[in-house]
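Student:
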Amino acid sequence: MQIAFWSPNHGQTGTTSAAVAMASMSALMYNFKILLAHSHFERSTLESCFMKEKVHHHEDLLDFSDNGLDALKRLAKNGRLSSGMICDYTISLLANRRLDLLQGTKTPKPMDTQETLTLLNQIFTVASSDYDLTMIDVPSGTHQKLTRKIIKQSDLVVVCLNQNKALLDAYFSSPTYASMLNEKTVLYNIGMYNKDSRYTLKNLAKTYGMNNIMCIPYDIGFMDACNNSRVLDFMMRHLTTNSKNKHRKFLEHLERNCERMMKQLEKTKQEASIDYA
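The sequence shown maps to residues 1212 to 1488 in this note's numbering.
Below, the structure written as structure tokens:
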């Protein structure tokens, strides 16, 4: 099944860090094969959360043209992409394909061309058969065709917001967002959450009618781990510590979020089966 992580606003709601955190925790909690990807141009901060960029003779050793989306797009274009091939062009972050990272494109070509949209559709369709979960960090807003396409084809959309009232008011009063997400299964995630704000989850749910709301609290240790390309190390180290660990609340929220996400996917799957029958 496919999950899109999306925000109406760029760089304010922690969309990429939410995708990173939720994919990592899901991989550690469940015996699933998970693919984590993004549809941004060139290398995004998503990739740097797991691996450092190595430079040798002024060239990136992680040549995107030989793996990631660029390589898969060539295979799809030549009619050679088939089930079981996606993993050969990813970076395995955990054993047994529990978490694979699909690097983004490095080509200067626009991502919104019809050819690219068709090729990416083929790639993510194959990915859905190869992996139990495909989690995609998509560009913010609604202006890109690719964003709208991925959201339309996703089984679940995690809408990333924050505790900024102006942003929340703008989102919930926008007919554009309502139209794009019409008939989609949505979970609202409040990023960088501060429990001391007056805009608590309870108040937000009441004010904006968000029954399906969750949050990821701000945690400096996690943010440092993202900056140092050590997200998985951070999580595995602190998941095994006692309840007095200062990062425990953050991790408990992630665990509950993942459980909620899986329950929502299962519900969506059951509803789809009923409709098909």
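Cβ atoms here follow ideal geometry from the backbone N, Cα and C, with glycine treated the same way.
Would you mind sorting R1308 into buried or exposed? The rule is 16 or more other CB atoms within 10 Å of its CB.
Tutor: buried
Student: Any idea if P1350 is buried or exposed, counting beta-carbon neighbours within 10 angstroms, 16 or more meaning buried?
Tutor: buried
Student: Taking C-beta to C-beta, are Q1314 and N1278 nearer than 8 Å?
Tutor: yes
Student: Ordered along the chain, which non-local residues of its own chain (more than five positions away) have a Cβ less than 6 Å from that of F1275?
Tutor: In this prediction, F1275 scores a pLDDT of 47, lower than 50, which makes its location untrustworthy; the coordinate-derived value is nonetheless stated afterwards. Excluding sequence neighbours, F1275 sits near D1281, Q1314, K1317.
Student: My output table needs one value for M1434: the three-state DSSP class, helix, strand or coil.
Tutor: helix
Student: On the DSSP bridge assignment, give the partners of L1283 in chain order.
Tutor: According to DSSP, which records beta bridges pairwise, L1283 is partnered with nothing at all.
Student: Which complete beta strand (DSSP E) runs does the segment 1414–1464 hold, if anything under 3 residues is left out?
Tutor: 1424–1428
Student: When the Cα atoms are used, what is the spatial distance from N1439 to V1368?
Tutor: 28 Å
Student: Measuring only the C-alpha atoms, how far is A1416 from L1476?
Tutor: 21 Å
Student: My output table needs one value for V1349: the three-state DSSP class, helix, strand or coil.
Tutor: coil
Student: Within 10 angstroms of its Cβ, does D1380 collect 16 or more other Cβ (buried), or is it exposed?
Tutor: exposed
Student: For V1266, which residues of its own chain have a beta-carbon under 6 Å away from its beta-carbon, when the five flanking residues on both sides are left out?
Tutor: Any reading at V1266 is ruled out, since the residue's pLDDT is 39, under 50, leaving its predicted position unreliable.
Student: Whole beta strand (DSSP E) runs in the segment 1310–1383 with 3 or more residues, listed along the chain?
Tutor: 1310–1313, 1344–1348, 1367–1372
Student: So D1343 packs on I1245, CB below 8 Å; how close in whole Å?
Tutor: 7 Å
Student: Buried or exposed: Q1374, going by 16 or more other Cβ atoms within 10 Å of its Cβ?
Tutor: buried
Student: Give the DSSP-derived three-state secondary structure of Q1213 in the structure shown.
Tutor: Residue state, collapsed to three classes: strand.
Student: Enumerate in chain order the residues of its own chain whose CB-to-CB distance from M1212 is below 8 Å, with the five nearest sequence positions on each side excluded.
Tutor: Contacts found: S1339, D1343, L1344, T1345, D1366, L1367, L1476, T1479, K1480.
Student: Determine whether the beta carbon atoms of C1426 and I1401 lie at a separation below 8 Å.
Tutor: yes
Student: Within 10 Å of its beta-carbon, does H1221 have 16 or more other beta-carbons around it, so buried, or fewer, so exposed?
Tutor: exposed
Student: Among the candidates P1219, S1218, T1224, W1217, whose CA atom is the shortest distance from the CA of M1403?
Tutor: T1224
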